[in-house]
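What follows is a set of notes on a single structure, which appears directly below.
There are 2 protein chains.
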Amino acid sequence: MTDHQHRLPAGPVDLSALETNTAPGFDGGKKKGKAALFALGDDLSTLQERLYAEGKGGSQRRILLVLQGMDTSGKGGVLRKTVGLVDPQGVRITSFKAPTDEEKEHDFLWRIRRALPQQGIVGVFDRSHYEDVLIARVRGFAPPAEIERRYDAINDFERELVEGGTTIVKCMLHISAEEQKTRLLARLDDRTKYWKFNPGDIDERKKWASYREAYEIALERTNTEHAPWHVIPSDKKWYRNLTIGNLLHDTLKAMRPRWPEADFDIEAERKRLTAEAPTR
Amino acid sequence: MTDHQHRLPAGPVDLSALETNTAPGFDGGKKKGKAALFALGDDLSTLQERLYAEGKGGSQRRILLVLQGMDTSGKGGVLRKTVGLVDPQGVRITSFKAPTDEEKEHDFLWRIRRALPQQGIVGVFDRSHYEDVLIARVRGFAPPAEIERRYDAINDFERELVEGGTTIVKCMLHISAEEQKTRLLARLDDRTKYWKFNPGDIDERKKWASYREAYEIALERTNTEHAPWHVIPSDKKWYRNLTIGNLLHDTLKAMRPRWPEADFDIEAERKRLTAEAPTR
Chain A
171 MTDHQHRLPA GPVDLSALET NTAPGFDGGK KKGKAALFAL GDDLSTLQER
221 LYAEGKGGSQ RRILLVLQGM DTSGKGGVLR KTVGLVDPQG VRITSFKAPT
271 DEEKEHDFLW RIRRALPQQG IVGVFDRSHY EDVLIARVRG FAPPAEIERR
321 YDAINDFERE LVEGGTTIVK CMLHISAEEQ KTRLLARLDD RTKYWKFNPG
371 DIDERKKWAS YREAYEIALE RTNTEHAPWH VIPSDKKWYR NLTIGNLLHD
421 TLKAMRPRWP EADFDIEAER KRLTAEAPTR
Chain B
171 MTDHQHRLPA GPVDLSALET NTAPGFDGGK KKGKAALFAL GDDLSTLQER
221 LYAEGKGGSQ RRILLVLQGM DTSGKGGVLR KTVGLVDPQG VRITSFKAPT
271 DEEKEHDFLW RIRRALPQQG IVGVFDRSHY EDVLIARVRG FAPPAEIERR
321 YDAINDFERE LVEGGTTIVK CMLHISAEEQ KTRLLARLDD RTKYWKFNPG
371 DIDERKKWAS YREAYEIALE RTNTEHAPWH VIPSDKKWYR NLTIGNLLHD
421 TLKAMRPRWP EADFDIEAER KRLTAEAPTR
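First to last, the protein sequences are chains A and B.
Per my numbering, the very first residue in the first sequence carries number 171; after that it's consecutive.
Per my numbering, the very first residue in the second sequence carries number 171; after that it's consecutive.
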């Protein structure tokens, strides 16, 4: 894992000290930012194809990109604009909703394990096991002792994944309360966006401070060496998409996935093909 | 369903009479073809988002794109270049391999049903239930009476899907035996393609005539009004990708997916948002 600009340093987390409406490390605005993301596409695709091929060749390596953030922070936008650059055959997206009755009868990691990417695949979690220490904490869906247990359980779980060949990339999409209001209002002003609006989002929004606190605790407690957090300034959608694109690209590059060797006799196969009787 | 240029007419099928290395209905070559596909992207994305939104609003409509073809005919290329144009959140790809032991203990449609797209989703089958009347017939994996039963079972199954709101788009990617040889040789000449080569493909190739016959029978028997077949000339990769892109686009356009109405009081929600106490 390369050391990334938005990698969260160890220690206590104060989200209000981290800017949301900023674009550090990029020399340009929206137009240049969109072009830069688009330009990343080919290289991202090739690296991902190598990882996929490596997986077919038996390598256990894979990527898990975890996207967390308040409502409207743009998880869907990242899926569409950034993850959408990659060959869909090599990607597995899981959007976690409120757990079903069956899921509730299991440990919180049960449904997460079932959604893990296979070797060679880039898995993407739109929300994740972190909901079980975020909304679960704010809304009291589990007793405090259980919430407490989960931070360590998450760290152990992620360590197990990393040891098994998964590179974990965790991103918190950081927006301001003001930006959320603007985006919610935009959904009310545009009939092509009504379907994205849920009155419950306004009720959750009233607990903004509690959510921020829950995020700060979760980020601090699970910001491990083996699976560090990145806090992505996300008021500017183009910067958010580009930054996660760069992070994914850097991650793939650092993995140096390699085309597998032939596990057959190339010359013999070529002869079989060229010596064959006409097939019609 | 619009009547498409490559829609297979009813009646007996003679694949050798259908050209593979041709690009009818398009005035231009590879470069223009690639640009035309790319230009389709935005519109395809918007239509797909509408279908997705409609699904969230309760509509039962969805699409199932079935891709069949001989080895190297380009199913993966279509996924990458054409399906890849669409927001990955709205797409569900299933690549069917040889059935597992568990799958073999069920009816051949069992695993197919489990992979069907949800409402609002574009499902894509890379190989499909048709393998159960293609390779199963050629290699004798099931007795003749069972193969015979399956054509009708498929038609009934597909009718059930259509009646439930699925639009089925079936494409046979049609290449010549000569083109397949070229593509297999290319995989032997390029170390970035070794992983795609499987010596078993040459063994299957020896049964080219049997596969062609199995395709002809399957196409004729399952070329129904409710789920017709399209035979796509596929020696030219760009034409294959563009043609399936156009077909998907035409299908979405003909469905006229609509943004759902608000199921909440827009004014009341706007007031709740603007009247709120500051959230920090």
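Note that CB positions come from ideal geometry on N, CA and C, so glycine has one too.
Rounded to the nearest angstrom, what separates residue i and residue j at their Cα positions?
i                 : j                 : result
Asp405 of chain A : Trp399 of chain B : 47 Å
Pro287 of chain B : Asp197 of chain A : 42 Å
Lys441 of chain A : Lys340 of chain A : 49 Å
Lys377 of chain A : Leu343 of chain A : 18 Å
Ile305 of chain A : Arg375 of chain A : 12 Å
Asp277 of chain A : Ile338 of chain A : 21 Å
Glu330 of chain B : His396 of chain B : 10 Å
Lys200 of chain A : Ser380 of chain B : 56 Å
Leu313 of chain B : Tyr321 of chain B : The residue asked about is misnamed: residue 313 of chain B is Pro in this sequence, not Leu. Cα to Cα, Pro313 of chain B sits roughly 13 Å from Tyr321 of chain B.
Lys251 of chain B : Val236 of chain B : 16 Å
Ser186 of chain B : Leu418 of chain B : 26 Å
Lys407 of chain B : Phe311 of chain B : 32 Å
Pro403 of chain B : Asn191 of chain B : 6 Å
Ala209 of chain B : Asn416 of chain B : 11 Å
Met425 of chain B : Asp435 of chain B : 28 Å
Lys351 of chain B : Glu439 of chain A : 12 Å
Arg391 of chain B : Val308 of chain B : 16 Å
Ala384 of chain A : Glu301 of chain A : 10 Å
Thr216 of chain B : Ala315 of chain B : 46 Å
Gly293 of chain A : Ala285 of chain B : 18 Å
Ala445 of chain B : Ala193 of chain A : 31 Å
Asp433 of chain B : Gly225 of chain B : 14 Å
Gln289 of chain A : Lys363 of chain B : 18 Å
Ala388 of chain B : Leu188 of chain B : 16 Å
Can you look up residue i in the DSSP assignment and give me helix, strand or coil?
i                 : result
Arg281 of chain A : helix
Val401 of chain B : strand
Arg177 of chain A : strand
Ala205 of chain A : helix
Gln289 of chain B : coil
Gly227 of chain A : coil
Arg428 of chain B : coil
Gly149 of chain B : As displayed, chain B neither begins before 171 nor continues past 450, which places residue 149 of chain B out of reach and without an answer.
His396 of chain B : coil
Ala312 of chain A : coil
Lys363 of chain A : coil
Lys441 of chain B : helix
Leu217 of chain A : helix
Gly254 of chain A : helix
His421 of chain B : Residue identity differs from the one stated: residue 421 of chain B is Thr in this sequence, not His. In this structure, Thr421 of chain B counts as helix in the three-state DSSP scheme.
Glu383 of chain B : helix
Glu275 of chain B : coil
Lys200 of chain B : helix
Thr322 of chain B : For clarity, residue 322 of chain B is Asp in the given sequence; the question names Thr instead. Correct three-state label for Asp322 of chain B: helix.
Thr352 of chain B : helix
Val183 of chain A : coil
Phe377 of chain A : One detail in the question is off: residue 377 of chain A reads as Lys in this sequence, not Phe. If DSSP states are grouped into helix, strand and coil, Lys377 of chain A belongs with coil.
For chain D, find out if any of its Cβ atoms is closer than 8 Å to the Cβ of residue i; answer yes or no.
i                 : result
Val261 of chain B : Absent from the structure is chain D; the protein chains it does hold are A and B.
Taking DSSP's pairing of strands, which residues face residue i in a bridge?
i                 : result
Thr337 of chain A : A:Ile233
Ser265 of chain A : A:Asp296
Leu343 of chain B : B:Gly239, B:Ile402
Suppose contacts are defined by Cβ-Cβ distances below 8 Å. Is residue i in contact with residue j by that definition?
i                 : j                 : result
Asp296 of chain A : Leu249 of chain A : yes
Arg410 of chain A : Gly244 of chain A : yes
Gln175 of chain A : Gly203 of chain A : no
Glu386 of chain B : Val256 of chain B : no
Glu273 of chain B : Arg283 of chain B : no
Gln218 of chain B : Gly247 of chain B : no
Ala180 of chain A : Asn393 of chain A : yes
Val303 of chain B : Ile291 of chain B : no
Pro369 of chain A : Ile263 of chain B : no
Leu412 of chain B : Ile372 of chain A : no
Leu221 of chain A : Leu422 of chain A : yes
Ile345 of chain A : Gly239 of chain A : yes
Val401 of chain B : Leu178 of chain B : yes
Arg382 of chain B : Thr242 of chain B : no
Leu279 of chain B : Ala223 of chain B : no
CB of residue i to nearest heavy atom of the ligand FMN: below 7 Å?
i                 : result
Asp197 of chain B : In the structure on display, the ligand FMN does not appear, and there are no ligands present to speak of.
Legend entry - Meets three-Cβ-pair contact criterion under 8 Å: the region 229-237 of chain B and the region 332-347 of chain B: yes
Inset, instruction - Take every Cβ of the region 260-269 of chain B, pair it with every Cβ of the region 296-314 of chain B, and state whether three or more of those distances are shorter than 8 Å. - result: yes
Legend entry - Stretch-stretch touch, CB-based, cutoff 8 Å, three pairs: the region 353-368 of chain B with the region 427-439 of chain B: The count of Cβ pairs closer than 8 Å, one atom from the region 353-368 of chain B and one from the region 427-439 of chain B, stays below three, leaving the stretches out of contact.
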